[in-house]
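Residue numbering for the sequence shown is 36 to 308, as defined by the working numbering. Note that the Cβ used here is the ideal one computed from N, Cα and C, for glycine as well.
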Amino acid sequence: MRIEIDKRGNSFCDFGPEKKAKKTRRKHKKAMPTAVQRLFEICNDVFAGAGSVPSPPQVERLQSVLDSMKPSDVGLNELMPYFEAEKNEGYPPITYLHVYECDNFSIGIFCLPPSGVIPLHNHPNMTVFSKLLFGSMHIKSFDWAPPPFDAVWPAKAKAETTSSVRLAKVKVDSDFNAPCKTSILYPTSGGNMHTFHAQTACAVLDVFGPPYNDSKGRHCTYFHEFPYPSFSGDAVSVQENGGEYAWLEEIERPGSLKVVGAEYEGPKIVDTL
């Protein structure tokens, strides 16, 4: 380093050409992408649109980045008002934070206060990744009963219900506590129909591929679960086959379900692809 004097008599430091170059290189060093940006970029690679299902290597790649994500990666903490316990009777409202959506996939976060419930619903022709960011919840999921039991139709159900009742097999019926692995469901397997019951305040980061779209046949349907013995008189052989079964009846969107939208305030996604 040498000291030089400018025309006004002020001194300044000249670091020489080598150190100037180093400073320039540091200035233009590329910033590391945020976790949510990496998630977005992988989703762009993994989801190819309607009718496609990610391959096992693609699933593993997306699951890996979701498994490592924390609440702070999406700007959340348990003290936010979304997670406050409700004093009123009935199910508390659930907040949905919309992060990103395109034709091939969507990214969003469900914020559930204690006792919050997302009723039993399906994901037609969709692959869904759900990451519990924090909290504890009970998840119960179903797939439609496999052949030949998918053709079982209880005569008693025809007389006692107003719509179709179909046999489903339980896939998951367990408590989950963060941190835990990402849950994955597929168009016809993995628990395509599921329900969430929050035991504590919790946040779930969801990736849908492709997203819901009524005009393209991806309409969210809700179900009421009847315990298997309810209509088992003419279908005892199914339960004897092993596994746990239930009867699911299509219903309108439950009036108890209250979902409110709020602005996502975490790190932003830069869509440059």
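Are residue i and residue j touching if we call contact CB-CB under 8 Å?
{"i": "Val239", "j": "Ser150", "result": "no"}
{"i": "Val152", "j": "Tyr126", "result": "yes"}
{"i": "Leu101", "j": "Gly301", "result": "no"}
{"i": "Glu113", "j": "Ala236", "result": "yes"}
{"i": "Ile304", "j": "Phe258", "result": "no"}
{"i": "Phe310", "j": "Ser90", "result": "The structure shown does not extend to residue 310, since the chain spans only 36 to 308, so no value can be given for it."}
{"i": "Pro245", "j": "Gly84", "result": "yes"}
{"i": "Pro154", "j": "Thr230", "result": "yes"}
{"i": "Val200", "j": "Lys175", "result": "no"}
{"i": "Leu202", "j": "Trp282", "result": "yes"}
{"i": "Val71", "j": "Val134", "result": "yes"}
{"i": "Ser309", "j": "Asp178", "result": "The requested residue 309 is not part of the displayed model; the chain covers only 36 to 308."}
{"i": "Pro169", "j": "Pro128", "result": "Correcting the residue type first, residue 169 is Phe in the shown sequence and not Pro. No, they are not a contact pair."}
{"i": "Leu143", "j": "Asp241", "result": "It should be noted that the sequence gives Gly, not Leu, for residue 143. Contact: yes."}
{"i": "His156", "j": "Thr256", "result": "yes"}
{"i": "Leu167", "j": "Cys215", "result": "yes"}
{"i": "Tyr299", "j": "Leu132", "result": "yes"}
{"i": "Tyr117", "j": "Lys204", "result": "no"}
Going by DSSP in three states, residue i sits in which element: helix, strand or coil?
{"i": "Phe82", "result": "coil"}
{"i": "Asp102", "result": "helix"}
{"i": "Phe243", "result": "strand"}
{"i": "Arg288", "result": "coil"}
{"i": "Leu168", "result": "strand"}
{"i": "Ser176", "result": "strand"}
{"i": "Ile77", "result": "helix"}
{"i": "Phe145", "result": "strand"}
{"i": "Pro159", "result": "coil"}
{"i": "Ser265", "result": "helix"}
{"i": "Ala238", "result": "strand"}
{"i": "Val305", "result": "coil"}
{"i": "Val88", "result": "coil"}
{"i": "Ala120", "result": "coil"}
{"i": "Ala66", "result": "coil"}
Any idea which residues DSSP pairs residue i with across the strands?
{"i": "Arg253", "result": "Asn248"}
{"i": "Glu298", "result": "His133"}
{"i": "Gly110", "result": "Answer is none; Gly110 lacks a bridge partner."}
{"i": "Ala203", "result": "Trp179, Ala281"}
{"i": "Ser218", "result": "Ser165"}
{"i": "Asp208", "result": "Lys175"}
{"i": "Met228", "result": "Phe177"}
Please classify residue i as buried or exposed, where buried requires at least 16 neighbouring CB atoms within 10 angstroms.
{"i": "His158", "result": "buried"}
{"i": "Met172", "result": "buried"}
{"i": "Ala270", "result": "In this prediction, Ala270 has a pLDDT of 47, which is less than 50 and means its spatial position is unreliable; nothing more can be read from the coordinates."}
{"i": "Asp80", "result": "exposed"}
{"i": "Asn212", "result": "exposed"}
{"i": "Asp210", "result": "exposed"}
{"i": "Ile180", "result": "Residue identity check: residue 180 is Ala in the sequence provided, not Ile. When all chains shown are included, Ala180 counts as buried."}
{"i": "Val294", "result": "exposed"}
{"i": "Asp138", "result": "exposed"}
{"i": "Gly226", "result": "buried"}
{"i": "Lys251", "result": "exposed"}
{"i": "Pro264", "result": "exposed"}
{"i": "Met228", "result": "buried"}
Using a Cβ cut-off of 8 Å (strictly closer), state whether residue i contacts chain C.
{"i": "Lys251", "result": "Among the chains in the structure shown there is no chain C, since it carries only a single protein chain."}
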